[in-house]
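437 is the number that the numbering used here gives to position 425 of the sequence shown; each next residue is one higher, with no gaps.
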Amino acid sequence: MADPILLAVIRGALEQITEEMDAVIASSAISPVIADAWDRASGIFHPTTGEVIVQGSTGMPIFVTVMQHTVQEVLKEHDPETMKPGDVFIINDPYRGGTHTMDVKFVQPYFRDGKLLAFLANTGHWPDVGGMTPGGFTPCSTDVYQEGLRFPPVKVYDEGKLNASLLQVMMSNMRVADERRGDMAAQINSLELGCRRLDLLFEQFGEDLIFEVIGELKSRSETMMRQHIQSIPDGTYHFQDWMDNDGVDPEPFLIDLKMIVEGDEITFDLSGSSAERRGPFNSPYGSTISALMIGVKHAFPDVPINSGCFVPFKYIVPEGSMFNPRPPAPVSCTTTETAQRLVCVTLGALAQAMPGRVPAGAFGTGTNIGLGGESAQYGRYATIFYFGGGYGAYPDADGLTNGSTLISASRNTSIEVLEHNVPLLFTRYAVRTHSGGKGKHRGGLGVEIDFHLREGTAYLTLVGDRGRTGPHGLEGGESGLPAEHTFVRNGETFTSEHLTKIDRLYIKSGDGVRLRTPGGGGFGNPAERLPDLIRDDVLNEYCPQ
């Protein structure tokens, strides 16, 4: 076993490399969703297995196992013996270790003295990769071909030389191609920095010691996770939830999870969930596994992220279900909606297994706005942005207000940045009063957002959920309020046929949207809430008297 101090130093150095890689992407990307909202991730992966060694702490959690699958797809497609320094692969295929087409991943093999020692990979959410809907989220798509260009694992750089023909084809099929070039450059620069930092690390500590530490980190992570699982009583824990609709068919559909605990292992069984959907709310297998693991990590945050923490888990996810769809089923709305709701359901099952240790239900929806249009001042544009909501109350505290989605560490794009980049005017951005579920501890509050188009014309798309039922309460706590969204066009206010989804609504100057995101569920009997907290809620108009 490596010396404990060296173990900590090398682990910290590896984590620091991914943190720097993330910082490079955020500081140099063009798209606000990457640069300002941090919808990106970076990681270092094993040279032979493709398993994740470390990922940056501010990167999107959904990409932890997703990017591991991505690197493994590169290894399936390309013999490592044929790889050379300077090679970079691009991949965004949801069915090849991806999420949806907008999450564009780059993978670079790292060589030292001619030997392959690691893979570096990153992901950035591009606001457009072609497809039928500006912004990429396509709530009414019926196959993956409508959701934008798909890249299998192909070389975009060959020994450092750009594949110009591939790039030309890519950019010819994307709105606002110059911005996509900038996002790509940011991700490539991030990989190059990662290689330079690995050079310094291997020069200082040597290959043998570093890989000894990597093996020890994996073993310790697995051990810690097994110890946590052993603290849960053996049994089957069952939790269900319903999604509003799939954007095509109006009926709700079911997420059904059985969590089977046996000793120091857990089996997740999703076979009771709905079959794959006609609309784009299917979740590719890699996204499904990531969502389950994010739920576990919310319960056990102290376990270091690497491939070791995934070992004690097994999965029953039938092919042809909404959580393991068959190509070409549409998947564009997986990360912010389907996968996020699976995180909520996983936490619901864990709350049964670990009473008093898991919070109530969170808002569980991304409330994504896609906007594409043209105006005299801004020219042609395509962008995407999203909003937070209320977290569930904890056993000992109120829930977080306006928290980020459960599958991410991303931030809301600032209003000022959005108004600078596209012709929008925000007239309201406030806490949604009374939206948190009552309880001994109150659910976090959602937000209210009003905005309209200032000039020109545009197509607006909303992808959301939670319009029928609010997040669940626990131990006597009440549910939070569901989402409530309305649209204003030509001075008339209306709701969407699909409640929380609308595709390519044509809007002109003065037309806009009113968004009300869900609050979190409450925890505990509302009659037990302390008088001082009730008084503060009333004074702040968080809850009715």
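Yeah, the Cβ is synthetic: ideal placement off N, Cα and C, and Gly gets one too.
Just so you know, these numbers come straight off a predicted model, no measurement behind them.
Pop quiz: residue 453 and residue 405 are said to be a contact at Cβ under 8 Å. What is the actual Cβ separation, rounded to whole angstroms? 4 Å
Can you give the Cα-Cα distance for residue 39 and residue 47, rounded to whole angstroms? 6 Å
Give me the Cα-Cα distance between residue 7 and residue 93, rounded to the nearest whole angstrom. Nothing can be reported for residue 7, as the shown portion of the chain is limited to 13 through 557.
Specify the secondary structure class of residue 257 as computed by DSSP and reduced to three states. coil
Would you be able to state if there are at least three C-beta pairs under 8 Å between the segment 273–285 and the segment 527–545? no
Cross-strand partners of residue 252 (DSSP beta bridge): 268
When 61, 190, 78 are compared against residue 67, the one with the closest alpha-carbon: 78
Simplified DSSP state of residue 389, which is helix, strand or coil: coil
Ordered along the chain, which non-local residues of its own chain (more than five positions away) have a Cβ less than 6 Å from that of residue 207? 122
Segment contact, 8 Å Cβ cut-off, at least three pairs: the segment 467–481 with the segment 422–431: no
Within the segment 315–383, ranges of the beta strand (DSSP E) (whole runs, at least 3 residues): 325–328
Cutting at 6 Å between CB atoms, please list the residues of its own chain near residue 325, excluding the five before and the five after it. 278
7 Å Cβ shell around residue 285 - same chain, five flanking residues per side excluded: 266, 267, 268, 333, 334, 335
Residue range of the alpha helix (DSSP H) that residue 21 falls in? 16–40
What does the Cβ neighbour count give for residue 126, buried or exposed, with the cut at 16 atoms within 10 Å? exposed
Using CA atoms only, rank isn't needed, just tell me which of 298, 446, 317, 525 is closest to residue 331. 298
Is it right to say residue 315 is buried, meaning 16 or more other beta carbons lie within 10 angstroms of its own, or is it exposed? buried
Could you check the C-alpha separation between residue 116 and residue 436 for me, to the nearest Å? 27 Å
What did DSSP end up calling residue 54 once you bin it into helix, strand or coil? strand
DSSP-derived helix/strand/coil call for residue 106: coil
Sequence-distant residues of its chain with Cβ nearer than 6 Å to residue 236 (five each side left out): 315
Less than 8 Å between the beta carbons of residue 351 and residue 295, yes or no? yes
Look at the alpha carbon of residue 485 and the alpha carbon of residue 535, and state the distance between them as a whole number of angstroms. 6 Å
Using a Cβ-Cβ cut-off of 8 Å (strictly less than) and excluding sequence neighbours within five positions of residue 480, which residues of its own chain qualify? 254, 256, 264, 494, 511
Thinking just about the alpha-carbon of each residue, which of 240, 410, 36 is nearest to the one in residue 201? 36
Of the choices 477, 408, 380, whose alpha-carbon is the least far from that of residue 145? 380
Around the Cβ of residue 229, are there at least 16 other Cβ atoms within 10 angstroms (buried) or fewer (exposed)? buried
Residue 386 versus residue 392 - alpha carbon distance: 4 Å
Since I believe residue 219 is in contact with residue 643 (beta carbons under 8 Å), could you give me their beta-carbon distance rounded to a whole number of angstroms? Absent from the structure is residue 643, since the part of the chain shown begins at 13 and ends at 557.
Give the DSSP-derived three-state secondary structure of residue 557 in the structure shown. In this prediction, residue 557 has a pLDDT of 49, which is less than 50 and means its spatial position is unreliable; nothing more can be read from the coordinates.
Hey, how far is the Cα of residue 329 from the Cα of residue 270? 11 Å
Would DSSP call residue 547 helix, strand or coil? helix
List the DSSP bridge partners of residue 155. DSSP lists no partner for residue 155.
Look at residue 354 and residue 304 and say whether their C-beta atoms are less than 8 Å apart. yes
Limits of the beta strand (DSSP E) - the one that residue 453 falls within: From DSSP, residue 453 is part of no beta strand (DSSP E); its letter is neither H nor E.
Measure the alpha-carbon distance for residue 320 versus residue 17 and round it to whole angstroms. 21 Å
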